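What follows is one structure encoded as structure tokens, with my remarks underneath.
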Amino acid sequence: MFHVKICGVTTTADARAAVEAGADAIGLNFVEGSPRKLHASHALNVSKALPVGVVRVGVFADCSSEEILRIVRSVGLDAVQLHGNEPPEILDAFARAAVPVIRSARLSQGPDPLEEIRQWIKRASRAGVQPAMVLVDATVSGQLGGTGTTVDWKRLSQAASLDLPIVLAGGLSPVNVEQAIRCVRPFGVDVASGVEISPGQKDKALMQAFVLTARMALGVFEGH
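For this note's numbering, add 94 to where a residue sits in the sequence shown, where the first one is 1.
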């Protein structure tokens, strides 16, 4: 679906700058309490600023499928990213609407760092549905994404495959993204705070440096 996502974009100028930098996906945040949260009307303006081919991802937490799909249609989103305690069965509504789902996950404390998401995926499989991708993010109490805290790359790299594309998030920046990719070998990467001046305000030079470094480490060079 994508290799490099700039998440928490809040302005049309930042959206265009992210695409010019080579990002192939943009994250629009609809999570209550987030400093990057957008109202649907403003998100539509940001979405319209993006060219065809750039994946528009809506980020949600603990919303109903009906509410999410309403925003998907009104904003023109291509995919949704679930960051809350959504049950696997919620995927059925998105499958019927042909909307791909990226499932956010945190590392488990036990011997298998992906045990919790592995069980979630198994439950989804029994219901006949699957997420399109799994996004692994850091765990910070009271916060959902954009924390600036890194994942334990070594633990994640030692986990058995999920047989789904993994997107690495959590505290990535132009400084550490190459090391993170070489350690974890994800399908893609996701960044928010690591390319910001302040929450929701992106820095063009940081985005350019991040995307270039990430694409080189991932070995993917197509861009927009």
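Backbone N, C-alpha and C define an ideal beta-carbon position, used for all residues, glycine too. Note that the structure is predicted; figures quoted are calculated from it, not measured.
Compute the distance between the beta-carbons of residue i and residue j, then report whether it is under 8 angstroms.
i    : j    : result
A119 : V148 : yes
V269 : L250 : no
L122 : V98  : no
M301 : I100 : yes
F304 : G282 : no
L258 : P225 : yes
G170 : L208 : no
F188 : S159 : yes
P280 : L306 : no
V271 : A299 : no
I196 : Q175 : yes
D156 : E180 : yes
A253 : D206 : yes
V278 : L256 : no
V140 : A109 : yes
Taking the alpha carbon of residue i as the point to measure from, which residue in the options has its own alpha carbon closest?
i    : options                : result
A131 : L144, F154, L306, D284 : The sequence shown places Lys at residue 131, not Ala. It is F154 whose Cα lies nearest to the Cα of K131.
G313 : D297, R276, S287, Q302 : R276
G264 : V285, E290, P194, V113 : V285
W247 : A274, A254, P225       : A274
M221 : R190, T243, L208       : Correcting the residue identity first, residue 221 is Ala in this sequence and not Met. A221 has its Cα closest to that of R190, out of R190, T243, L208.
G178 : C101, A199, Q302, R212 : A199
I165 : I291, V245, E180, H133 : H133
M95  : R150, A253, K216, S128 : R150
T243 : A253, A232, Q252       : A232
L144 : P129, T105, V193, V245 : T105
I215 : A192, L185, V193       : L185
P129 : A111, E290, S267       : E290
Alpha helix (DSSP H) containing residue i: first to last residue?
i    : result
V169 : 159-169
D108 : 106-115
D284 : Counting along the chain, D284 falls outside any alpha helix (DSSP H), though it belongs to the beta strand (DSSP E) covering 282-285.
S251 : 247-251
L185 : 185-190
For residue i, list the residues DSSP reports as bridge partners.
i    : result
F154 : L176
S141 : Per DSSP, none; premise fails for S141.
M227 : I196
L122 : G152
I260 : V228
Q295 : S292
I need the boundaries of the beta strand (DSSP E) containing residue i, first residue and last residue.
i    : result
K90  : Because the chain here runs from 95 to 318, residue 90 falls outside it and cannot be looked at.
A221 : No beta strand (DSSP E) contains A221, which DSSP labels as neither H nor E.
S198 : 195-199
V278 : Here V278 belongs to no beta strand (DSSP E); instead the alpha helix (DSSP H) covers 271-278.
Under 8 angstroms, Cβ to Cβ, is there at least one residue of chain C near residue i?
i    : result
L176 : This model lacks chain C altogether; it includes just one protein chain.
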